[in-house]
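For what it's worth, the working numbering labels the leading residue of the sequence shown as 2, then goes sequentially.
Note that CB positions come from ideal geometry on N, CA and C, so glycine has one too.
All remarks here apply to the structure that follows.
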Amino acid sequence: MKKIGASFVCIFAVLLLLAATVTAEDAMDQILARGKLVIGTEIGTPPWVFKDPNTGEVTGFTVELARLFAEELGVELEINSYEWAGVIPSLLTEKVDMLAAPLTRTVQRSAKLYYTEPYVNMTAHVLVRKGEFSTLEEVNKGNVVLTCTTGSIWEQVAEQKLPDATVRTNPTNADNAIALSTKRADGYLNDKLQLVAAMQMYPDQFELIPEPLAWDSFAFAVRYDSFKLGNTFDLFMRLIKMDGRYAEMFKKWLGYEWTPTIESAS
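Quick look at the structure:
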């Protein structure tokens with residue numbers, strides 16, 4: 002009886018392993034079966050994801066990558082937009098297959114999300130009104146109010162690197178820029194390109210504190226039961242970096258040449 006019981010346990014364990022393997026393949030299989038890749042993002046984060054004011058089409062660097070990936074798979078692309086605080090939950094609750102957004106890679110998020118190969122690396126800064134602050138030390142004061150987007154990593158970064166400042170959050174990047182312009186905030190934390198976009202929206206009002214606040218690394222993300230999808234996207238990224246399509250997109254959307262690194266070219 003003991004041998005039979007032990008054999009049954011082994012067979013049951015193998016069946017569980019096979020079931021897990023099938024589940025891990027389901028996300029990609031469902032995408033191919035339905036003929037559609039569903040991504041979650043936040044519209045309104047140029048140059049990553051935004052609506053073209055002339056055509057109304059959702060576009061941007063991140064969206065163009067997602068569209069090209071869908072084309073390579075031979076499926077359509079569906080874009081679901083959420084406020085930033087709802088982007089990650091949209092993936093975890095299986096409303097979308099993949100996150101395609103300016104999503105910063107962190108250890109804490111990686112406990113829940115499987116990050117793909119990063120699609121861009123850059124610095125983050127503090128945006129201020131012209132002539133008011135010039136160093137990070139100057140904004141690290143108790144009477145200085147800093148703003149960042151709800152659900153982003155910047156609140157945690159500010160608490161770590163600017164612990165004496167007061168940090169408040171807003172639902173969108175546009176709200177943060179408005180808060181800075183209307184003097185409800187003294188500084189706005191984000192990656193450099195988002196802050197440059199805010200400067201363009203409010204000409205001659207803002208300037209960057211030159212000293213980087215942190216390094217930022219953006220990636221797409223899938224659930225941990227979607228390794229097949231994540232690995233396929235990683236291969237896609239490596240191929241378009243080798244054949245030049247990634248470099249073309251990079252220059253088009255970010256305005257400067259892409260310089261391969263050991264990580265990004267792997």
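Practice item. Using alpha carbons as the reference points, say which of T167, V108 and V64 lies closest to I44. Key: Here residue 44 corresponds to residue number 43 of the sequence shown, with the count starting at 1. Minimum Cα distance to I44 is reached at V64.
Exercise for review: Note down, one range per segment and in chain order, each beta strand (DSSP E) of at least 3 residues found wholly within the segment 66-143.
Suggested key: 77-82 and 121-130
Check your understanding: Would T124 pass as a contact of T151 if the rule is Cβ separation under 7 Å?
Key -> Here residue 124 refers to the residue found at position 123 of the sequence shown. Here residue 151 refers to the residue found at position 150 of the sequence shown. No, Cβ-Cβ distance for T124 and T151 is not below 7 Å.
Check your understanding: Relative to the alpha-carbon of D165, which residue among D176, V146, W216 and T136 has its alpha-carbon at the smallest distance?
Key -> Position 164 of the sequence shown, counting from 1, holds the residue named residue 165. Checking every option, the nearest Cα to that of D165 belongs to V146.
Check your understanding: Is the segment 170-180 touching the segment 108-119 in the sense that three or more CB pairs, one from each, lie closer than 8 Å?
Key -> no
Exercise for review: Tell me, please, whether the segment 232-247 touches the segment 211-219 by the rule of three or more beta-carbon pairs shorter than 8 Å.
Suggested key: no
Check your understanding: Is T173 helix, strand or coil when you go by DSSP?
Key -> Counting from 1 along the sequence shown, the entry for residue 173 is found at position 172. Coil.
Check your understanding: With respect to the beta strand (DSSP E) encompassing L38, which residues constitute its N-terminal and C-terminal limits?
Key -> Residue mapping note: residue 38 aligns to position 37 of the sequence shown, counting from 1. Per DSSP, L38 belongs to the beta strand (DSSP E) from K37 to T42.
Point to revise | Cβ shell of N141 (< 6 Å), same chain only, five flanking positions each side left out | key: If you number the sequence shown from 1, residue 141 lands on position 140. Cβ neighbours of N141 beyond the five flanking positions: L163, D165 and A166.
Review point. Hey, out of W49, K193, I89 and V129, whose CA is closest to L181's CA?
Key: Counting from one through the sequence shown, the residue named residue 181 turns up at place 180. Checked all of W49, K193, I89 and V129; the closest Cα to L181 is V129.
Exercise for review: Let me know the secondary structure DSSP gives G188 once reduced to three states.
Suggested key: Position 187 of the sequence shown holds residue 188. Correct three-state label for G188: strand.
Check your understanding: With DSSP run on the structure shown, which of helix, strand or coil describes L230?
Key -> Translated into positions along the sequence shown, residue 230 becomes position 229. Correct three-state label for L230: helix.
Check your understanding: Using CA coordinates, which residue listed in Q161, P261 and E73 is at the minimum distance from L230?
Key -> Sequence index remark: in the sequence shown, residue 230 carries index 229 (1-based). Out of Q161, P261 and E73, E73 has the C-alpha closest to the C-alpha of L230.
Point to revise | Cβ shell of N289 (< 6 Å), same chain only, five flanking positions each side left out | key: Residue 289 lies beyond the stretch modelled for the chain, which goes from 2 to 267, so this question has no answer here.
Point to revise | Cα-Cα separation, L69 to Y83 | key: Stepping through the sequence shown from its first residue, residue 69 is reached at position 68. Stepping through the sequence shown from its first residue, residue 83 is reached at position 82. Going from the Cα of L69 to the Cα of Y83 covers about 22 Å.
Exercise for review: Kindly indicate the opening and closing residues of the beta strand (DSSP E) around L209.
Suggested key: In the sequence shown, the residue the question calls residue 209 occupies position 208. It spans F207 to L209 - the beta strand (DSSP E) in which L209 sits, taken as one unbroken run.
Check your understanding: CA-CA distance, E77 and F134?
Key -> Looking up residue 77 in the sequence shown gives position 76. Looking up residue 134 in the sequence shown gives position 133. So the two alpha carbons sit approximately 47 Å from each other.
Exercise for review: Helix, strand or coil for A222, going by three-state DSSP, please let me know.
Suggested key: Start at 1 with the first residue of the sequence shown, and residue 222 comes out as number 221. Three-state result, A222: strand.
Practice item. Check whether the Cβ atoms of A112 and F221 lie closer than 7 Å to each other. Key: Mapped onto the sequence shown, residue 112 falls at position 111. Mapped onto the sequence shown, residue 221 falls at position 220. Not a contact, by the Cβ cut-off of 7 Å.
Check your understanding: For T60, which residues from the same chain have a beta carbon less than 6 Å from its beta carbon, with the 5 sequence-adjacent residues on both sides left out?
Key -> Against the sequence shown, residue 60 aligns to sequence position 59. So the qualifying residues of the chain are D53.
Review point. Which whole-angstrom value describes the C-beta separation of P213 and H126, a residue pair presumed to lie in contact below a C-beta threshold of 8 Å?
Key: The count along the sequence shown starts at 1 and reaches residue 213 at position 212. The count along the sequence shown starts at 1 and reaches residue 126 at position 125. With 8 Å as the limit, P213 and H126 qualify as a contact, their Cβ atoms being about 6 Å apart.
Practice item. Assign P204 to one of two classes, buried (16 or more other C-beta atoms within 10 Å of its C-beta) or exposed (fewer than that). Key: To locate residue 204, count along the sequence shown from 1; it is residue 203. So P204 ends up on the exposed side.
Practice item. Give a yes or no on whether the C-beta atoms belonging to Y225 and Y116 are separated by under 7 Å. Key: Taking the sequence shown and counting its residues from 1, one reaches residue 225 at position 224. Taking the sequence shown and counting its residues from 1, one reaches residue 116 at position 115. Cβ atoms of Y225 and Y116: not closer than 7 Å.
Check your understanding: Of all the CB atoms in chain B, is at least one closer than 7 Å to the CB of T183?
Key -> Judged by its chain identifiers, the structure shown contains no chain B, having just a single protein chain.
Review point. Distance, Cα to Cα, Y120 vs E139?
Key: Working through the sequence shown from its first residue, we reach residue 120 at position 119. Working through the sequence shown from its first residue, we reach residue 139 at position 138. Going from the Cα of Y120 to the Cα of E139 covers about 33 Å.
Practice item. From the DSSP output, in three-state form, read off V146 for me. Key: Your numbering for residue 146 matches position 145 in the sequence shown. Looking at V146 - three-state DSSP - the assignment turns out to be strand.
Point to revise | I40 vs V97 beta-carbon contact at 7 Å | key: Within the sequence shown, residue 40 is the residue found at index 39, counting from 1. Within the sequence shown, residue 97 is the residue found at index 96, counting from 1. The answer is yes: Cβ separation under 7 Å.
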